[in-house]
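Data block below; observations after.
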Amino acid sequence: MKKDRVWLETKVFTIVLVGAFINAIAMNLFLIPANVYASGFTGMAQLLANIITEYTPLTLSTGILLLVLNIPVIIIGWVKVGKSFTVYSFISVLLTSLFLELIPVIHLSPDILLNAVFGGVIAAVGVGITLKYGASTGGMDIIAMILSRMKDRPVGTYFFIMNAVIIITAGMLYGWEKALYTLVTLYASTRVIDAIHTRHEKLTAMIVTKKTDELRKAIHSKMVRGITTVPAKGAYTNENKEMMIIVITRYELFELERIIKEVDPHAFTNIVQTTGIFGFFRKD
């Protein structure tokens, strides 16, 4: 079991490393040279770097600002969100900042539309695979989680507000054409992340299994989530089974998948979007 845990931690770290490298490639080869902005804290760091360079005698890179912006968020996330998730998020931010400093900024194409689309898609691949393996790229992910728990509003609301600030500020300072191309980047990123992982805040897992008790104990040992069981029978095999229904956040999807594979690799699991919940749902 310990060996499996070490292998899992190594796998997640490797994915976070690759995701950070991909993010830095998208920034330094496509978005930064074209002055098209990414979403969330990365875009905010990019925008602040341009403003500081042009309007003050100081020069701060996007990588350094990304790390500085994330430090207070990581501290709050450690307390409010969870240690494992926050540690991997900080590692992701740290590696992204490092790669942004090491990879040279190269203008591959003069076509701003190509830079906007490819930059958005490549960055989304980095974010998507990081989310898929139970971590995040820090910044807005952690803030949105904390605020949604306090206000019980969809995390998409906070992503929208942050990105709106970036787009409007970029439009006012550098022209609305760049702001519109930033919208293209955000749209491409969202579509790719949706395809790789999910942007839905809550998900419902329906697990058909013959190992209900073992699976229930394993899930409750890792998550504080209610589970509803419903009798089920295989139409082809005529075997008696049970269907477990559990509502989770998108950040718990990787952990749930890992538990199911360990306890009952033959279980059938259906993950569906949950648009609303009436009744108690633990947000802590």
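For what it's worth, this note's numbering labels the leading residue of the sequence shown as 30, then goes sequentially. Backbone N, C-alpha and C define an ideal beta-carbon position, used for all residues, glycine too.
Out of D293, T278 and A208, state which residue places its alpha-carbon closest to the alpha-carbon of F244.
Note that residue 244 is Leu in the sequence shown here, rather than Phe. Measuring from the Cα of L244, the nearest candidate turns out to be D293.
Tell me whether the region 100 to 117 and the region 127 to 145 touch, counting them as touching only if at least three CB pairs, one residue from each stretch, are closer than 8 Å.
no
If you follow the alpha helix (DSSP H) that A152 is part of, which residue opens it and which one closes it?
I141 to K161
What does the alpha-carbon distance come out to for the pair D223 and S126?
25 Å
Determine which residues share a DSSP beta bridge with T71 and list them.
In DSSP, T71 forms no bridge with anything.
In this structure, how does DSSP classify M56 when only helix, strand and coil are distinguished?
The DSSP-derived three-state label of M56 is helix.
Using the C-alpha atoms, what's the distance from E268 back to L143?
Cα to Cα, L143 sits roughly 54 Å from E268.
Between N64 and G167, which are expected to be in contact by the criterion C-beta below 8 Å, what is the C-beta distance as a whole number of angstroms?
Not really, about 23 Å apart at Cβ, beyond 8 Å.
Confirm, please, whether the CB-CB distance from T238 to K270 is below 9 Å.
yes
Which same chain residues end up closer than 6 Å to K262 when comparing Cβ atoms and leaving out the 5 residues on each side of it in sequence?
N269
Helix, strand or coil: which one does DSSP assign to L124?
helix
DSSP has T233 in a bridge; who is on the other side?
V276 and V301
Could you compute how far the alpha carbon of G377 sits from the alpha carbon of L160?
Look at the range of the chain in this structure, 30 to 313, and you will see that residue 377 is not part of it.
Indicate whether L60 and A153 have their beta-carbon atoms separated by less than 9 Å.
No.
Measuring alpha carbon to alpha carbon, tell me which of M56, Q75 and D170 ends up nearest I135.
M56
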